[in-house]
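Taking it in order: structure first as structure tokens, then the write-up.
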Amino acid sequence: AQTVTQSQPEMSVQEAETVTLSCTYDTSESDYYLFWYKQPPSRQMILVIRQEAYKQQNATENRFSVNFQKAAKSFSLKISDSQLGDAAMYFCAFIEAPQGGSEKLVFGKGMKLTVNP
Amino acid sequence: EPEVTQTPSHQVTQMGQEVILRCVPISNHLYFYWYRQILGQKVEFLVSFYNNEISEKSEIFDDQFSVERPDGSNFTLKIRSTKLEDSAMYFCASNLLYNEQFFGPGTRLTVL
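Going down the list, the sequences are from chains A and B. The first sequence begins at 454 in our numbering and counts up one residue at a time. The second sequence begins at 27 in our numbering and counts up one residue at a time.
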């Protein structure tokens, strides 16, 4: 069974500083996709960044970047120049290559990020 | 920008009652999903739906749950006889295969 582990339940960062959120996963598949979703207090799920397992290059979206280590099954999220609006729950998630019309997302337990002014 | 919508935003019901949660996925999407998040816990997959049938369901999705796409736009989740433990946030999502799943804002279900 696929599992996603986020070992840090909470973190805090000073505004304008950099923070790294860790995530590990377990799968026997070689083709899959990894995601970081952000859930602010409104509880809306917002995609932050995605990474395809076949791509060696780490994904980047503005202030957000990932460190994807396929052999170690590690997928960490780095937030640079943290802003107050980055405060939220962050969920790491995983999809195996689609099977028969389903892309089931498997989520980690989440990590609460606090940004201090 | 197209978005997934869900109604109602909050539903309060008595234990044993039936509830229907409604979702309007993005119009050109082909794959539809329901997820559940009990307060303070992780988001859990319930069911995926493609080509007018269930393509995958989780252990949570037992006989009291059903999904339907009654017309070309709506996607519904029915809980036949609600239990206290069904209280949760229910998210609908949709996508085109190999692409990002777009989530709706969620329906908060409270079972009393």
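We put the beta carbon where it would ideally sit given N, CA and C, even for glycine. Only a predicted model underlies this, so the values are computations on that prediction, with no experimental measurement involved.
Rounded to whole angstroms, asparagine 77 of chain B and valine 472 of chain A show a C-alpha spacing of 42 Å.
Of all alpha-carbon atoms in B:Arg62, B:Lys83, B:Leu123, the one lying nearest the alpha-carbon of glutamate 111 of chain B is that of B:Arg62. Taking a Cβ-Cβ cut-off of 9 Å, the neighbours of phenylalanine 129 of chain B in chain A comprise Tyr490, Gln497, Met498, Ile499, Leu500, given in sequence order. Per DSSP, leucine 558 of chain A lies in no beta strand (DSSP E) and is assigned neither H nor E. At a cut-off of 7 Å, the C-beta of phenylalanine 71 of chain B has a neighbouring C-beta in chain A. With 16 or more other Cβ atoms from the protein chains shown falling within 10 Å of its own Cβ, valine 519 of chain A counts as buried. Interface criterion not met: the Cβ of lysine 508 of chain A is under 7 Å from no Cβ in chain B. From the listed residues B:Gln40, B:Ser53, B:Phe117, the smallest Cα separation to aspartate 97 of chain B is found for B:Ser53. Contact of phenylalanine 560 of chain A with chain B by beta-carbon distance below 7 Å involves Lys68, Val69.
As a beta-bridge residue in DSSP terms, asparagine 569 of chain A pairs with A:Gln467. At the C-beta level, serine 535 of chain A and valine 466 of chain A come within 7 Å of one another.
Taken through DSSP and simplified to helix, strand or coil, glutamate 85 of chain B comes out as coil. Distance from glutamate 468 of chain A to valine 568 of chain A at the Cβ level is roughly 6 Å; contact confirmed, criterion being Cβ atoms closer than 8 Å. The beta carbons of phenylalanine 521 of chain A and glutamine 504 of chain A sit about 5 Å from each other, so the pair counts as a contact at 8 Å. In the DSSP annotation of this structure, the continuous segment of the beta strand (DSSP E) that includes lysine 531 of chain A starts and ends at 527-532.
Going by DSSP, threonine 473 of chain A is part of the beta strand (DSSP E) stretching over 472-474.
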